[in-house]
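S.K.: Sharing a structure with you now.
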Amino acid sequence: MSISEVSVKKPVTALLVFIILSALGVYSIFNLNVDMYPEIDIPYLIVYTGYKNAGPEEVEASITRTLESSLSGLSGLKKMQSQSSTGLSLIILEMEYGTNLDAAANDIRDKIDMVRSYLPSDADTPLTIKIDPSMMPIMHLVLKGQHSSDELYDYASDIISPRLEQIDGVASAMIMGGRKKTINVDIPRDRLDAYGLTISQVAQMIGAQNIQATGGNIRSEQLSYSVKTDGKFKSIEDVRNTVISYAVASSPGGKAAPSVKKILLRDIADVYEGHEDGSTAAYLDGESSIMLLVQKQSGKNAVKTAANVRAALKNITESLPGDVEVIESSNTTDQIKRTIIEVVKSITEGMILSVIILLIFLRSIKSTVIIGLAIPISFLITLFLMFLRGMTINMVSLGGMLIGVGMLVDNSIVVLENIFVYRERDAKPSVAATLGAQEMITSVVASTLTSICIFLPMIMLSSRLGFMGQLFNDLAFTIVFSLLGSLFVAIALVPVLSAKYLVLGKSSNINTHTLFGKLNRALGIFFERVDGAYASSVRRILRHKAATVIVMIAIFIGAIVGAVKVGFIYMPEIASDTVTVKFELPKGTRLEVTEAYVQQMESIARQEVKGIKFSTVTAGGDSMLSSSATTNEGSLTLTLYPKAERQKGWDTDKTAKDKLRPYFTKFPGATITFGTNNNDTANSGISIDIKSNDLSLVAKTANQVMNLIKTQAADVVNEVTCDLEEGLPQLEIKLDRNRMYELGLNVASIGSEISGAINGLRASRYDDGGKEINIVVRLPEKDRAKVTDLDLIYVRNNSGTRIPLSNFAHTVKNTAPVTIFRENQSRIAHVTVKQVDGLSLGDVQNRIKDLIDKNILMEDDLNITYSGDLANMREAVMNFLAIIIMAIVLVFAVMASQFESFKSPFIIMFTIPLSFIGVTAIYALTRQRFSIMTVMGVLTLVGTIVNNGIVLIDQINILRKRGRTLDDACVEAAGNRLRPILMSTLTTVFSLIPMAFFPGEGSESMQPIGLTIFGGMTFGSLMTLFLMPVVYNLFNRKNERARVEELKRIEQENA
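Residue numbers (full-length UniProt numbering): 1 to 1055.
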């Protein structure tokens, strides 16, 4: 007993099943996480090793090379990159997609343990870190008010940040701008000299006087008392009154015994509440402020987390002074919500257009409702299956639903039409529903399998596609789930509803005097004329088969030539309501200079760009990739009004970047890059990779390449950058070791004293109402402002004598390499460029390669290669082509099994390459460029375009078995299947109109898929209707002669 028969016999049970599935789908909507993209595991591991005070070359030689040699044989390793900078070795391991990163991290630790003894003894233990892309900030909050930035910092660090980090879903709330409070102890050099003290000696004394120690336990007869010595500072006065040393003072005339005088900290130093030297600064709309970057926890719902933060801020602000505001300057979840809403809107529009097409062809509201129900019910089943698999609602998964809208009704159309045939033969409703559905189960299952099996290779081989494989997995699973849902609806729900509600004589019962009746009659006449014209056209084409084939071949060749001219990009740009401008000044630039630069940039932006909602500026910052504060870096973020609120004449992110680029690229000494919050990492541009073991040769060649591109390729590229930075200005203190040993000194004490004099020494921590504040001992600014001040730093030897630095050392000015980059154990520099909008990526890279080949002298130890978007796209396209070929083989196998023939599937396969004509035409007409998303569209197209061919060829075979001649069978089958093919094609292509031609804000990356299927289905269906009868006729002409002769022989024998 089939599913259809069971459903018809037990309609209540069947309806309950679908009601339950629909309810589970509704439940899933409210419990699926929402994000812009699917959760993606980036297969990168970082080995982080600190080596304090060591230069880049020493770090490279003693740590990086040793670890690289050990890790080079790591299983699953694709590429190894490293950065050796002052005090830090960073090794970035790119693993093959699909690698178990937890197991790989354990292998890394084992390999590091094997060479740990070869690393410097004073180097830190290497740490292995896994990159999590979901930890990017989702919200930027700005704190402003009538207070100093330091006071605002205290509000942020004491009140806002701790409370935000308690919210479900929030990982951290990092503070930018402002400075931490400290107790500064500034000791002028003349006072140190007067009392014979050093910075480190004072710091040790402060630390020794601020201790809380336990003294064990005292047990009485009944109780046990813990003993605690509380010597912690209770106030800043306690700090000031700390005894630093003692001095013996003799009495006048020497008659009385000498007295001992206490030297207090207040006697030699200025002790006051202050703040650390700033390493970051933040501004909102030109005003100094504090910024908090809110990061969500991995796996948490970004939209819910942001909503939780917004709700909590209402309570948090009540704890702040009335004039202090917390402003939400940026929220990526707003973009997510707008994008999701736009995609859902496109799905709804697609559903409406599909239902209208059904109504036009069926001319029956009841039949349209029965078939139209397949769409929402299939979607709810899809959402439930997504929930079971742990997927998220995102632009890609919703894009899969949008692609499937038109295909969801195909199975229901086929089943309903066959049920209607039985009803016209006077079968009872239940019998017609059962037999009509049972007859078509094999056909609709085969049709669904052809659409589903194209995604199986991609799902199975997604690791070969890397990032794109993970991205498209959601698309594939969503389409597969929706098609399975539509199949279940077609064979289980449509028969039940047809048995109950399908009525014969739907056209004759309509009142022809009403508007609907007139439209129904007009459509009937129109379809009859179309049927007649199409049959005549097919008969005419069959008389000119050779000419038809030649014309199609010529058009196909033209499409291939046209495809080359369309151009290629890696990923389409996505519209955003933010523009981010990142810049980098020469290493060593002070924070104040960086602030001035970025404020000047903000001023220009506010003058040139229209429609700015907020402008936020950050200067400096701390990075895991650097051992020191990056005071030479900054960023400007323009938050534009969203599309719905944008007035006429206001700028988009693209026009804003076009306006600002000419200004910002002229800033002297600054490296500028533009981006948005959406696809900064998707389009990385073209990278020229320069490798050599000779670092000076790498640097020289990188400079030559940059100058060559800037002077001779400025018309095709912009944002030319290089990661090999200029040397950091450095004062190197050269020690005379013999003299140093004679004076009883050691390097550790010298280094500590120098660091303390310049940066300050943390002597201890002061408890300020439960908040720990550093006590920092240092020289005042005036005593450490000049290079010559270094010579006046004193170091105490083993006997307690103070010795000036000038007695055993001298200072030399030079530049030090900032970072040494390596890739696969060879030194490297990357020169990165981005092509001008509208230009083909391949053409631009070829132009650059020609320039380099003609102008750069290739030495023996020099190697120049190219990576970036084009290389990534070529690799992805080749992998996709392999998957498409596998998909075509599977589709062929399904059709061969259905027809029990190799010839019929082979004929149907002609529609696949010919549909590419429509793809090229639609891209040329819309002036779009091919991208990796186009390839995904082609893959989807392969499984859908053959379905119409299956319907037509199957009908031709049936008619020939009934005795029709070859030509008559081709013409009659074409006429019989015209309307089903048109209905299937038009529901698909019309449902894709919103995606293909009117993509919503943020969903532009899915547009190429819609365009590809739209163009391919439109032209491919025309080829099915007009060329398929010709191809079938040509392939079966020989068999037809034999069949005619056999029929004549049988007739003669019977005569």
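We treat Cβ as the ideally placed atom computed from N, Cα and C, and that holds for glycine.
Where do the N-terminal and C-terminal ends of the alpha helix (DSSP H) with Ala105 fall, by residue?
M.R.: Element bounds for Ala105: Leu101 to Val115.
S.K.: Using C-beta distances below 6 angstroms, list every residue in its chain close to Thr832, excluding the 5 sequence neighbours before and after it, in chain order.
M.R.: Once the five neighbours on either side are set aside, the close Cβ partners of Thr832 are Gly685, Ser687 and Thr721.
S.K.: Tell me the rounded alpha-carbon separation between Gln212 and Ile206.
M.R.: Cα to Cα, the separation comes out at about 13 angstroms.
S.K.: Using 8 angstroms for Cβ pairs, my map puts Leu487 next to Val549. What's the rounded Cβ distance?
M.R.: Contact flag wrong, Cβ pair sits at about 36 angstroms.
S.K.: For a test of the three-state rule: what should DSSP assign to Ile131, helix, strand or coil?
M.R.: Coil, per DSSP.
S.K.: Taking only runs of the beta strand (DSSP E) that begin and end inside the region 605–670, which ones reach a length of at least 3 residues, in chain order?
M.R.: Runs found: 612–620 and 633–640.
S.K.: Which residues mark the beginning and the end of the alpha helix (DSSP H) in which Val698 is found?
M.R.: Segment Leu695 to Gln712, the alpha helix (DSSP H) holding Val698.
S.K.: Comparing alpha-carbon positions, which option in Tyr570, Tyr866 and Asp653 lies nearest Lys610?
M.R.: Here the closest residue by C-alpha is Asp653.
S.K.: Look up Pro994 in the DSSP assignment and say whether it is helix, strand or coil.
M.R.: Looking at Pro994 - three-state DSSP - the assignment turns out to be helix.
S.K.: Which two residues bound the contiguous beta strand (DSSP E) that contains Ile159?
M.R.: Element bounds for Ile159: n/a, residue is neither H nor E.
S.K.: What are the boundary residues of the alpha helix (DSSP H) that includes Ile923?
M.R.: Residue 923 is actually Tyr in this sequence, not Ile. Taken as a continuous stretch (DSSP letters only), the alpha helix (DSSP H) holding Tyr923 covers Thr911 to Thr926.
S.K.: Which term fits Asn879, buried or exposed, when burial requires 16 or more other beta carbons within 10 angstroms of its beta carbon?
M.R.: Counting Cβ neighbours within 10 Å, Asn879 comes out buried, since at least 16 surround it.
S.K.: Label Glu645 either buried or exposed according to how many other C-beta atoms from any shown protein chain fall within 10 Å of its C-beta, with 16 as the threshold for buried.
M.R.: That one is exposed.
S.K.: I'd like to know whether the C-beta atoms of Tyr766 and Val26 end up nearer to each other than 9 angstroms.
M.R.: Result no, Cβ atoms of Tyr766 and Val26 do not sit closer than 9 angstroms.
S.K.: Would you decide whether Ala763 is buried or exposed? Buried here means 16 or more other CB atoms lie within 10 Å of its CB.
M.R.: Buried, since its Cβ has 16 or more Cβ neighbours within 10 Å.
S.K.: Would you decide whether Met114 is buried or exposed? Buried here means 16 or more other CB atoms lie within 10 Å of its CB.
M.R.: That one is exposed.
S.K.: Can you tell which of Ser451, Gln647 and Phe481 has its C-alpha closest to the C-alpha of Ile377?
M.R.: Of Ser451, Gln647 and Phe481, the residue nearest in Cα terms is Phe481.
S.K.: Under 8 angstroms: do the region 288–295 and the region 144–161 share three or more Cβ pairs, one atom per stretch?
M.R.: Contact between the region 288–295 and the region 144–161 is present, because at least three Cβ pairs lie under 8 angstroms.
S.K.: Leaving out the 5 sequence neighbours to the left and right, which residues in its chain are closer than 8 angstroms to Leu402 when beta-carbon positions are compared?
M.R.: Answer for Leu402: Val343, Ser346, Ile347, Gly350, Ser991, Leu992, Pro994, Met995, Met1006 and Gly1010, listed in chain order.
S.K.: What's the gap between the Cα of Asn301 and the Cα of Leu24?
M.R.: Spanning the two alpha carbons is a distance of roughly 20 angstroms.
S.K.: Ile112 and Leu67 - do their beta-carbons sit closer together than 9 angstroms?
M.R.: In this structure, Ile112 lies closer than 9 angstroms to Leu67 by Cβ.
S.K.: Beta carbon of Asp861, beta carbon of Asn759: below 9 angstroms?
M.R.: No, Cβ-Cβ distance for Asp861 and Asn759 is not below 9 angstroms.
S.K.: If we require 4 or more residues per run, which alpha helix (DSSP H) segments fall completely within the region 393–442?
M.R.: Correct list: 395–404 and 410–424.
S.K.: Would you report the Cα separation of Ala809 and Asp122, rounded to the nearest angstrom?
M.R.: If you take the alpha carbons of Ala809 and Asp122, they lie about 24 angstroms apart.
S.K.: Run through DSSP, which three-state label would Tyr118 get?
M.R.: Here Tyr118 sits in helix by DSSP.
S.K.: Locate the alpha helix (DSSP H) running through Asp768, then write down its first and last residues.
M.R.: No alpha helix (DSSP H) holds Asp768; the beta strand (DSSP E) holding it covers Leu761 to Asp768.
S.K.: Check whether the Cβ atoms of Ile922 and Gly1020 sit closer than 9 angstroms, and answer yes or no.
M.R.: Result no, Cβ atoms of Ile922 and Gly1020 do not sit closer than 9 angstroms.
S.K.: Would you mind working out which of Glu725, Leu724 and Lys710 sits nearest Thr718, comparing C-alpha positions?
M.R.: As written in the sequence, residue 718 is Asn, which differs from the Thr given in the question. The shortest Cα separation from Asn718 among Glu725, Leu724 and Lys710 belongs to Lys710.
S.K.: Beta-carbon separation of Ser904 and Met1023 under 9 angstroms?
M.R.: It is not a contact, given that the beta carbons lie outside the stated cut-off.
S.K.: Would you give the residue range spanned by the alpha helix (DSSP H) that Ser346 belongs to?
M.R.: From DSSP, the alpha helix (DSSP H) with Ser346 extends over Thr332 to Leu362.
S.K.: Phe568: buried (16+ other C-beta within 10 angstroms of its C-beta) or exposed?
M.R.: Looking at its Cβ environment, which holds 16 or more other Cβ atoms inside 10 Å, Phe568 is buried.
S.K.: What three-state label does DSSP hand Gln146 in the structure shown?
M.R.: Of the three classes helix, strand and coil, the one that applies to Gln146 here is coil, per DSSP.
S.K.: Expressed to the nearest angstrom, what Euclidean distance is found between the alpha-carbon atoms of Thr594 and Asn394?
M.R.: In a straight line, the C-alpha of Thr594 is about 38 angstroms away from that of Asn394.
S.K.: Should Gln201 go down as buried or exposed, given a rule of 16 or more other Cβ atoms within 10 Å for buried?
M.R.: So Gln201 counts as buried.
S.K.: Does the Cβ-Cβ distance between Ile268 and Ala194 come in under 9 angstroms?
M.R.: The answer is yes: Cβ separation under 9 angstroms.
S.K.: Alpha carbon to alpha carbon, how far is Ala619 from Leu585?
M.R.: Each residue's Cα considered, the two are about 11 angstroms apart.
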